[in-house]
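A.B. asks: The structure is given below, and queries will be raised subsequently.
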DNA sequence: CATAACTGTTACTATAATAGTTTCAGAATG
DNA sequence: CATTCTGAAACTATTATAGTAACAGTTATG
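Protein chains in written order, with my numbering: chain V, 6 to 144; chain G, 6 to 144.
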């Protein structure tokens, strides 16, 4: 577990908020469900808040709730919000002038992997938070 | 640079082999192009060899070469060969019995992310090593 | 108005994946 | 039989991430 799991935690959090809509939920409540510390939850929550996906209240009756309807939030929104790393990363190295592959592979890779990244994001865009919630409730 | 770059290095290596087809290439030559150690190249090369994508010769005139035509090798083949990590990983946590989200989000996520992973792999399957090589040569 | 309870943020530690190196046994060529 | 390669194992260093702790700022409430 050293890969980035913030995305899936974000989905978990948002599904929780969607299920409990209306009630005031604290980071501690969410942390219990995700099984991590409230602080970590808040860190992710802050990103979601900056992205306009959740709203929060500070102060004593502090809480958080969805900023929009679950139907109008896609997994791509969450992916972008938590700023998860790209699916692929290109190795960096100093170009060997004598070698055409070494000089040009990077551009070729960027082109190819950009396409793949787009395909992935399109798939994420097609899944709404509402669908996830419905899946969760069906069980 | 702590994310997995083996995939892009594998593409680099394979593009090199495709460009120099026929010549006998050693891990040291490839390492110079990628700008890493021959040993690291061999580690990746070994995976590609196990996957049937390259063939190697041991002994003094040791070398390696493509096992198939570049047209018949897709980026998905390379992706599978180096056993790159999945695009998403799901956080693991102990289920909170009282919380339906905590209990069922994992299955819902697996379903959704499985779809996304498939989309990504389909995109990779559509790009051949030959295309990469052609991109590299065009510059 | 004082207290309690929350958020937002920063700073820190621990862990785990990965890159990269070193080393050596085994194999084939000349 | 010496040279030079692969294959593989063992090791270190680096870095992203998870996770924790601490605290200032904010607000509801008695």
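Even glycine gets a Cβ: it sits at the ideal position worked out from N, Cα and C.
According to DSSP, is residue 108 of chain V helix, strand or coil?
C.D. replies: On the first chain, position 103 is the one that residue 108 of chain V refers to. Correct three-state label for residue 108 of chain V: helix.
A.B. asks: For residue 134 of chain V, name the three-state secondary structure that DSSP assigns.
C.D. replies: One-based indexing of the first chain puts residue 134 of chain V at position 129. The answer is helix: DSSP assigns residue 134 of chain V an H, G or I state.
A.B. asks: Does chain V have any CB closer than 8 Å to the CB of residue 40 of chain G?
C.D. replies: Here residue 40 of chain G refers to the residue found at position 35 of the second chain. With 8 Å as the cut-off, residue 40 of chain G counts as an interface residue toward chain V.
A.B. asks: Helix, strand or coil for residue 61 of chain V? Go by DSSP, reduced to three states.
C.D. replies: If you number the first chain from 1, residue 61 of chain V lands on position 56. It is a strand residue.
A.B. asks: Could you give the DSSP three-state label for residue 95 of chain G: helix, strand or coil?
C.D. replies: Here residue 95 of chain G corresponds to residue number 90 of the second chain, with the count starting at 1. DSSP places residue 95 of chain G in coil when its eight states are reduced to three.
A.B. asks: Within 10 angstroms of the Cβ of residue 140 of chain G, are there 16 or more other Cβ atoms? Answer buried if so, exposed if not.
C.D. replies: Numbered from its first residue, the second chain carries residue 140 of chain G at position 135. Its Cβ being crowded by 16 or more others within 10 Å, residue 140 of chain G is buried.
A.B. asks: State buried or exposed for residue 82 of chain V, treating a residue as buried only when at least 16 other CB atoms are found within 10 Å of its CB.
C.D. replies: Position 77 of the first chain, counted from the start, is the residue given in the question as residue 82 of chain V. That one is buried.
A.B. asks: My output table needs one value for residue 42 of chain V: the three-state DSSP class, helix, strand or coil.
C.D. replies: Locating residue 42 of chain V in the first chain gives position 37, where the first residue counts as 1. In the three-state reduction of the DSSP assignment, residue 42 of chain V falls in the coil class, being assigned neither a helical nor a strand state.
A.B. asks: I'd like the list of long-range same chain contacts for residue 90 of chain G, defined as Cβ closer than 7 Å, with 5 residues on each side in sequence excluded.
C.D. replies: As a first step, residue 90 of chain G must be located in the second chain, where it is residue number 85. Same-chain partners within the cutoff: 9.
A.B. asks: Using the three-state DSSP reduction, which class does residue 127 of chain G fall into: helix, strand or coil?
C.D. replies: Along the second chain, read from residue 1 onward, the residue named residue 127 of chain G stands at position 122. Helix.
A.B. asks: In angstroms with no decimal places, state the Cα-to-Cα distance between residue 117 of chain G and residue 52 of chain G.
C.D. replies: Stepping through the second chain from its first residue, residue 117 of chain G is reached at position 112. Stepping through the second chain from its first residue, residue 52 of chain G is reached at position 47. Going from the Cα of residue 117 of chain G to the Cα of residue 52 of chain G covers about 29 Å.
A.B. asks: Return the CA-CA distance between residue 135 of chain V and residue 122 of chain G, expressed in angstroms with no decimal places.
C.D. replies: Here residue 135 of chain V is taken as the residue at index 130 of the first chain, counted from 1. Here residue 122 of chain G is taken as the residue at index 117 of the second chain, counted from 1. Rounded to the nearest angstrom, the two C-alpha atoms are 20 Å apart.
A.B. asks: Comparing C-alpha positions only, which one of V:72, V:133 and V:11 sits nearest to residue 79 of chain V?
C.D. replies: Position 74 of the first chain, counted from the start, is the residue given in the question as residue 79 of chain V. Checking every option, the nearest Cα to that of residue 79 of chain V belongs to V:133.
A.B. asks: Which of the three DSSP states, helix, strand or coil, is assigned to residue 18 of chain G?
C.D. replies: What you label residue 18 of chain G is simply residue 13 of the second chain in a count that begins at 1. If DSSP states are grouped into helix, strand and coil, residue 18 of chain G belongs with the helices.
A.B. asks: Kindly list, in the order they appear in chain G, the residues whose Cβ is closer than 9 Å to that of residue 105 of chain V.
C.D. replies: Numbered from 1 along the first chain, position 100 holds the residue referred to as residue 105 of chain V. Chain G residues near residue 105 of chain V: 24, 141, 142 and 144.
A.B. asks: Under a Cβ-count criterion, where at least 16 other Cβ atoms within 10 Å of its own Cβ denotes burial, should residue 42 of chain G be classed as buried or exposed?
C.D. replies: As a working mapping, residue 42 of chain G is identified with position 37 in the second chain. By the 10 Å Cβ count, residue 42 of chain G comes out exposed.
A.B. asks: Taking the alpha-carbon positions, what's the residue 6 of chain V to residue 96 of chain G distance?
C.D. replies: Taking the first chain and counting its residues from 1, one reaches residue 6 of chain V at position 1. Taking the second chain and counting its residues from 1, one reaches residue 96 of chain G at position 91. For residue 6 of chain V, the predicted model reports a pLDDT of 41, less than 50, meaning its position is unreliable and no value from the coordinates is stated.
A.B. asks: Is any beta-carbon of chain G found at less than 8 Å from that of residue 80 of chain V?
C.D. replies: If you number the first chain from 1, residue 80 of chain V lands on position 75. Yes, contact with chain G.
A.B. asks: Just curious, the beta strand (DSSP E) that residue 68 of chain G is in, first and last residue?
C.D. replies: Within the second chain, the letter at position 63 stands for residue 68 of chain G. Note, residue 68 of chain G: beta strand (DSSP E), 68-71.
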